[in-house]
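K.L.:
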Amino acid sequence: MKAKSESLTAKQTIFYLLLSILLNSSGNGLTVSLNMGSALWTASSVNLSHLLNFDLKPLLVIYGVIVVITNTLLLGRIEPRRIINNFLFMVPFGYLVGWTSQLFNLLPLNQLSTPLKMLLDCFGILMVSAACSIYQRVNILLHPNDDFMQIIRFKFFHGNSTVAMWVSFVPPIIVSIICIIISRQIYAINVGTAFSLLFQGSLIGLADKIIFPSLKHHGVEQAVN
1345 MKAKSESLTA KQTIFYLLLS ILLNSSGNGL TVSLNMGSAL WTASSVNLSH
1395 LLNFDLKPLL VIYGVIVVIT NTLLLGRIEP RRIINNFLFM VPFGYLVGWT
1445 SQLFNLLPLN QLSTPLKMLL DCFGILMVSA ACSIYQRVNI LLHPNDDFMQ
1495 IIRFKFFHGN STVAMWVSFV PPIIVSIICI IISRQIYAIN VGTAFSLLFQ
1545 GSLIGLADKI IFPSLKHHGV EQAVN
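If you read the sequence shown in the working numbering, its first letter stands for residue 1345, the second for the next number, and so on.
(1) Looking only at its own chain, which residues have a Cβ that is under 6 Å from the Cβ of I1524, when we skip the five neighbours before and after it?
(2) Between which residues of its own chain and P1557 is the CB-CB distance below 8 Å, once the five residues before and five after are set aside?
(3) What do you reckon, are the CB atoms on L1453 and L1363 nearer than 8 Å?
(4) Comparing alpha-carbon positions, which option in S1393, N1430, C1466, F1359 lies nearest G1574?
(5) Does the beta-carbon of P1459 have 16 or more other beta-carbons within 10 angstroms, so that it is buried, or is it exposed?
(6) Report buried or exposed for V1482, applying the criterion of at least 16 other Cβ atoms within 10 angstroms of its Cβ.
(7) To which residues of the same chain is V1507 closer than 6 Å at the C-beta, ignoring the five residues directly before and after it?
(8) Out of K1499, D1490, T1386, state which residue places its alpha-carbon closest to the alpha-carbon of L1404.
(9) Can you tell me whether V1514 is buried or exposed? The criterion is at least 16 other CB atoms within 10 Å of its CB, across all chains shown.
(10) Using a 10 Å radius around the Cβ and a threshold of 16 neighbouring Cβ atoms, would you call K1553 buried or exposed?
(11) G1442: which of D1399, L1541, S1382 sits nearest, CA to CA?
(12) Pull up the CB-CB distance for N1430 and I1484, whole angstroms please, since I reckon it's below 8 Å.
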């Protein structure tokens, strides 16, 4: 990936980051509330939350810490600024997902027909994909999960978002399977999860081209090499 682009202004950076964080947390919160299938990382967190009887909000943060360590091992070096930026994104994001899901729970979503809930759930996945595309291109504050995908995408798969996303989904799939085997219960895994597994990587690549197309990937080579 060798796209060149002008530096973003402070106002542009703040706008893109705030928009993407709002989109991501709202999309994840919507899918958690609908319980028609969340993105795989969120779905695995929900299942682990039920298994451990632990609040989802701090669990999302703990989950992120483990991924930060994994990213450091993949890079083969410690980058304090990158780690701090991961935490600056991760901590408020984890709580925002919890809060937005609680807000959506106040709406009569469960009274909707199943097909409509499925469509809304897939729309939540679309929101998450668009958000990932935006803040991965800004490349200043990233959630550790998305940083993990970005490292894999440009370090090993020549920018191919689809393959990188599939590979990055392996850890949450394993966690979900373990939780389901132990608890014999399934949470947040449904049509939306399959939609995320099959299409989220491709949707991120598509969003790169059609959502703010003038926004290019910044500092990728330095970040993954």
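For each residue, glycine too, the CB sits at the ideal point set by N, CA and C. Given the structure is predicted, the values throughout are model-derived calculations rather than measurements.
P.N.:
Quick answer:
(1) By 1-based counting over the sequence shown, the position of residue 1524 is 180. Counting only Cβ-Cβ distances below 6 Å, and skipping sequence neighbours, we find I1530.
(2) Here the question's residue 1557 lines up with position 213 in the sequence shown. Here the set comprises nothing.
(3) Translated into positions along the sequence shown, residue 1453 becomes position 109. Translated into positions along the sequence shown, residue 1363 becomes position 19. Result no, Cβ atoms of L1453 and L1363 do not sit closer than 8 Å.
(4) Absent from the structure is residue 1574, since the part of the chain shown begins at 1345 and ends at 1569.
(5) Reading the sequence shown from its first residue, position 115 is the one you call residue 1459. Exposed.
(6) Here the question's residue 1482 lines up with position 138 in the sequence shown. It counts as buried.
(7) Locating residue 1507 in the sequence shown gives position 163, where the first residue counts as 1. Result list for V1507: F1501, in chain order.
(8) The sequence position of residue 1404 within the sequence shown is 60, counting from 1. Out of K1499, D1490, T1386, T1386 has the C-alpha closest to the C-alpha of L1404.
(9) Residue 1514 sits at position 170 when you count from the first residue of the sequence shown. By the neighbour-count rule (16 or more Cβ atoms within 10 Å), V1514 is not buried but exposed.
(10) Counting from 1 along the sequence shown, the entry for residue 1553 is found at position 209. By the neighbour-count rule (16 or more Cβ atoms within 10 Å), K1553 is not buried but exposed.
(11) Along the sequence shown, one-based indexing puts residue 1442 at 98. G1442 has its Cα closest to that of D1399, out of D1399, L1541, S1382.
(12) Here residue 1430 is taken as the residue at index 86 of the sequence shown, counted from 1. Here residue 1484 is taken as the residue at index 140 of the sequence shown, counted from 1. Contact doesn't hold; Cβ gap of about 11 Å is too wide.
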